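2 protein chains.
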Amino acid sequence: MIDWDDVRYFLAIARGGSVRSAAGHLGVNHSTVLRRVARLEERLGVQMFEKLPSGYRLTAAGEEVLELAAQMETSSLQLETRVFGRDQSVRGLLRVTLTPILASHLLMPDLADFARLHPEIEMEILSSGELANLTNREADVALRVVYDRKTLPLNLHGLKGPELFGGVYISRDRLAAWRAGTPDPLRWIVISMHGIPDWANEGEVRITGVPFRVTDAAAEIAAVRQGLGITTLPCFVGDADPLLVRVPGTDLHMYGTLWTLTQGETRKTKRVRLFTEFVSRRLAAYAPLLAGLSRD
Amino acid sequence: MIDWDDVRYFLAIARGGSVRSAAGHLGVNHSTVLRRVARLEERLGVQMFEKLPSGYRLTAAGEEVLELAAQMETSSLQLETRVFGRDQSVRGLLRVTLTPILASHLLMPDLADFARLHPEIEMEILSSGELANLTNREADVALRVVYDRKTLPLNLHGLKGPELFGGVYISRDRLAAWRAGTPDPLRWIVISMHGIPDWANEGEVRITGVPFRVTDAAAEIAAVRQGLGITTLPCFVGDADPLLVRVPGTDLHMYGTLWTLTQGETRKTKRVRLFTEFVSRRLAAYAPLLAGLSRD
DNA sequence: CATCGGTGGTGCGAAAACGATCCAGCCGGA
DNA sequence: TCCGGCTGGATCGTTTTCGCACCACCGATG
Chain A
1 MIDWDDVRYF LAIARGGSVR SAAGHLGVNH STVLRRVARL EERLGVQMFE KLPSGYRLTA
61 AGEEVLELAA QMETSSLQLE TRVFGRDQSV RGLLRVTLTP ILASHLLMPD LADFARLHPE
121 IEMEILSSGE LANLTNREAD VALRVVYDRK TLPLNLHGLK GPELFGGVYI SRDRLAAWRA
181 GTPDPLRWIV ISMHGIPDWA NEGEVRITGV PFRVTDAAAE IAAVRQGLGI TTLPCFVGDA
241 DPLLVRVPGT DLHMYGTLWT LTQGETRKTK RVRLFTEFVS RRLAAYAPLL AGLSRD
Chain B
1001 MIDWDDVRYF LAIARGGSVR SAAGHLGVNH STVLRRVARL EERLGVQMFE KLPSGYRLTA
1061 AGEEVLELAA QMETSSLQLE TRVFGRDQSV RGLLRVTLTP ILASHLLMPD LADFARLHPE
1121 IEMEILSSGE LANLTNREAD VALRVVYDRK TLPLNLHGLK GPELFGGVYI SRDRLAAWRA
1181 GTPDPLRWIV ISMHGIPDWA NEGEVRITGV PFRVTDAAAE IAAVRQGLGI TTLPCFVGDA
1241 DPLLVRVPGT DLHMYGTLWT LTQGETRKTK RVRLFTEFVS RRLAAYAPLL AGLSRD
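Taken in order, these protein sequences are the chains called A and B. If you're matching positions, the first sequence starts at 1 in my numbering and goes up one per residue. If you're matching positions, the second sequence starts at 1001 in my numbering and goes up one per residue.
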């Protein structure tokens, strides 16, 4: 009989493409992965990977195995999810995923309040760039900005929150300098993968330089605060920053709607219900700020 | 993340009803099973068994887990089966299951011939009472006597063999003694769970004693050879035994049909094809013997 | 052409899992 | 009532597994 856990290692390699990346995802040493997949191949009597210098690539046999290994994973995840859904104790782990900008500029105080309110709940905030997969139970609750309601996965339960607006911002000092006629080039600051939104216009100011590209929102904010130029930001970020002002003559535009997403079985959990109720109350209170009405 | 192999241990306990029986099926020490299921319960945070003095009984949570654990097993078995089906080398393991009586009274010489013909095939003969489950890959080929074709599992591939007849037998000495008028009681020898078939009659002799019950076919044959009474036997058993004769005045009756059963993916294997072709040739040659025509 | 980041592979000492064994409790039959 | 067979549980020495530190190799890059 094969060791079922070896199949888990096999899956990690098949997805990661290399033994070392699989080891990273699994949180073990790469030699362990090496040994276990070798053992699995020996027991099955089939070579499932081509061992190339560039990594492990699935063979035809490996492809067939992959399909059923994924089935095993599905069952295993459902098993965990179902057990977790039975857990009605308040104490335990609660994993929340949200975009880095929501965490750092808006909700961290609220997350802290919640943690203080429920000291027995162990919280884990996943605010990395990649969106965690709720179905795979990488997180229990997701706070996401959704542009089109149709893009929401059907298997998730969504609780609609306030709408989120954005505007065009510039550093207060730089706006004054512009009005004074400083010749320094004024640039669009854009996140490489996003570009300039259709709805953005330059308003009172005029672009005089080439775009300034950054890779993440934190750098974007730092750049606009330095007076490098103008950029689009969610209102709750721009309005809250005393160094920034909206560029006169520009409009607000809807970014999307904030949704609190949970997954079937885990939604029944007391921890999850406590959190979603708490966070939706807080979000409702933030509605004017999120809509960009706080400075009207 | 849970250890997937622990789920396999969980399944074994859930089915065996106790840690020790699970350890027996898994081929490990019972303390290992104890530790691994404890670890699984700890990681899931749920008690899946009631620890009774009489054994482990599933809790409600355990019942829910069982369902998905069985799904994992199905995927795992399919995985093994699919990989095994790709294996076209002659050398390797071949597991055959048949009833003890077929093995010991008819086919063992043929199995030995096949093993001599293919020394590179490692053979395993499962002739225990319980019928091995082909779908679970406990065996690769099953030789079974089927009374009603409709009882064949649909997912198995069947190769129809000769028909099998049975008759009523008595020890040669005892028949002579009966004719001489010995007053010793003459009994029906029956296997407890079977009883006396509808079609059996006593023919020339007359029952004078209470039934003699045995639990298996080997004991039944030993009893009738000792002259305890009469019994129904497959013709290939009774006719081949020089100590036994058919009771005059009794008829033959069809027991059922011999089928060679294989399972989807494993059927493609060279080993399995070699064996099924070999054994069906041998069975065809046995057809008169099996039909009880060898003494006509 | 040296370097750096990536790959798989290999020995060795530490850590974890395992098997053997013993124990206590329960239960049914002699 | 005692005994044997069953149950789970705890302990202890041994075996297996794991993580670490290396190595060789490859390709891109400065």
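Here a beta-carbon is modelled for each residue, glycine too, at the ideal position from N, C-alpha and C. Just so we're clear, the structure is a prediction, and the values are computed from it rather than from any experiment.
key: Complete alpha helix (DSSP H) runs within the region 40-110 of chain A (minimum length 4 residues, chain order)   = Taking only runs of at least 4 residues, the alpha helix (DSSP H) segments lying wholly in the region 40-110 of chain A are 60-86.
ask   = Is A:D3 near B:D1005, with beta carbons less than 8 Å apart?
value = Yes, Cβ-Cβ distance for A:D3 and B:D1005 is below 8 Å.
message = Just to check my reading of the structure: B:A1200 and B:T1232 have Cβ atoms closer than 8 Å, yes? What is that Cβ distance to the nearest angstrom?
response = 5 Å between Cβ atoms; contact.
task = Tell me where the beta strand (DSSP E) around B:P1162 begins and ends.
result = First-last of the beta strand (DSSP E) with B:P1162: L1156 to S1171.
ask   = With 16 other CB atoms within 10 Å as the buried threshold, where does A:V222 fall?
value = According to the sequence displayed, residue 222 of chain A carries Ala and not Val. Residue environment for A:A222: exposed (fewer than 16 other C-beta atoms within 10 angstroms of its C-beta).
query = Sorted by chain position, which residues of the same chain lie with C-beta nearer than 6 Å to A:A115's C-beta, five sequence neighbours on each side aside?
reply = Taking C-beta separations shorter than 6 Å and ignoring five residues to either side along the sequence, the partners of A:A115 in its chain run M123, following chain order.
task = Check whether the Cβ of A:R144 lies closer than 8 Å to any Cβ atom in chain B.
result = With 8 Å as the cut-off, A:R144 does not count as an interface residue toward chain B.
task = Could you confirm whether any beta carbon from chain A is found closer than 8 Å to the beta carbon of B:A1023?
result = The beta carbon of B:A1023 does not come within 8 Å of any beta carbon belonging to chain A, so the residue lies off that interface.
inquiry  = At a CB distance below 7 Å, what residues from the region 109-133 of chain A approach chain B? Give them in sequence order.
reply    = Against chain B - using a Cβ distance shorter than 7 Å - the region 109-133 of chain A contributes no residues.
query = Going by C-alpha distance, which of A:G27, A:T208, A:E67 and A:I230 is nearest A:P185?
reply = In terms of CA proximity to A:P185, A:T208 leads the group A:G27, A:T208, A:E67 and A:I230.
ask   = Which residues bound the alpha helix (DSSP H) around B:L1152?
value = Taken as a continuous stretch (DSSP letters only), B:L1152 belongs to no alpha helix (DSSP H), as it is neither H nor E.
message = Using beta carbons (cut-off 8 Å, strictly below), is A:L302 in contact with chain B?
response = Outside the shown range of chain A, which is 1 to 296, sits residue 302 of chain A, and nothing can be said about it.
Segments of 4+ residues assigned as alpha helix (DSSP H) that fall wholly inside the region 1188-1250 of chain B = Segments of the alpha helix (DSSP H) lying fully in the region 1188-1250 of chain B: 1217-1225 and 1235-1238.
query = DSSP on A:T260, reduced to helix/strand/coil?
reply = Strand, per DSSP.
query = Does DSSP put B:E1124 in a helix, a strand or coil?
reply = Reduced to three states, the DSSP call for B:E1124 is strand.
ask   = Is B:D1113 buried or exposed, if buried means 16 or more other CB atoms sit within 10 Å of its CB?
value = B:D1113 is exposed by the Cβ-count criterion.
query = A:R144 lies in the beta strand (DSSP E); which residues open and close that run?
reply = In the DSSP assignment, A:R144 falls within the beta strand (DSSP E) that extends over V141 to V146.
query = Of the residues A:R43, A:G249 and A:R39, which one's Cα is nearest the Cα of A:I170?
reply = Closest option to A:I170, Cα to Cα, is A:G249.
Cutoff 8 Å; reference A:M1; Cβ partners in own chain excluding five residues on either side = So the list is empty, once near-sequence residues are dropped.
ask   = In whole angstroms, what is the alpha-carbon distance linking A:M48 and A:E64?
value = Those two C-alpha atoms are separated by around 9 Å.
task = Would you mind working out which of A:R206, A:R172 and A:V7 sits nearest A:L243, comparing C-alpha positions?
result = Nearest C-alpha to A:L243 among A:R206, A:R172 and A:V7: A:R172.
ask   = Using 8 Å as the threshold, is the region 1070-1080 of chain B in touch with the region 73-81 of chain A, meaning 3 or more CB pairs across them?
value = Taking a contact to require three or more Cβ pairs closer than 8 Å, the region 1070-1080 of chain B and the region 73-81 of chain A qualify as touching.
key: Partners in chain B for A:M254, counting only beta-carbon separations shorter than 7 Å   = Those within 7 Å of A:M254 in chain B number zero; the least Cβ separation is about 39 Å.
key: Same chain, Cβ closer than 6 Å to B:A1022, five either side skipped, listed in chain order   = Cβ within range, chain order: A1012, I1013, G1016 and V1033.
ask   = What residues in the region 1257-1283 of chain B bring their beta carbon closer than 9 Å to a beta carbon of chain A?
value = Residues of the region 1257-1283 of chain B that bring their beta carbon within less than 9 Å of a beta carbon in chain A are absent altogether.
query = Which whole-angstrom value describes the C-beta separation of A:Q265 and A:R144, a residue pair presumed to lie in contact below a C-beta threshold of 8 Å?
reply = For the sequence presented, residue 265 of chain A should be read as Glu rather than Gln. A:E265 to A:R144, Cβ: 20 Å. No contact.
inquiry  = Against chain B, with Cβ distances strictly below 8 Å, would A:D5 count as a contact?
reply    = At least one chain B Cβ lies under 8 Å of A:D5.
message = Is A:A14 close to chain B? Criterion is C-beta to C-beta, closer than 8 Å.
response = So, not an interface residue.
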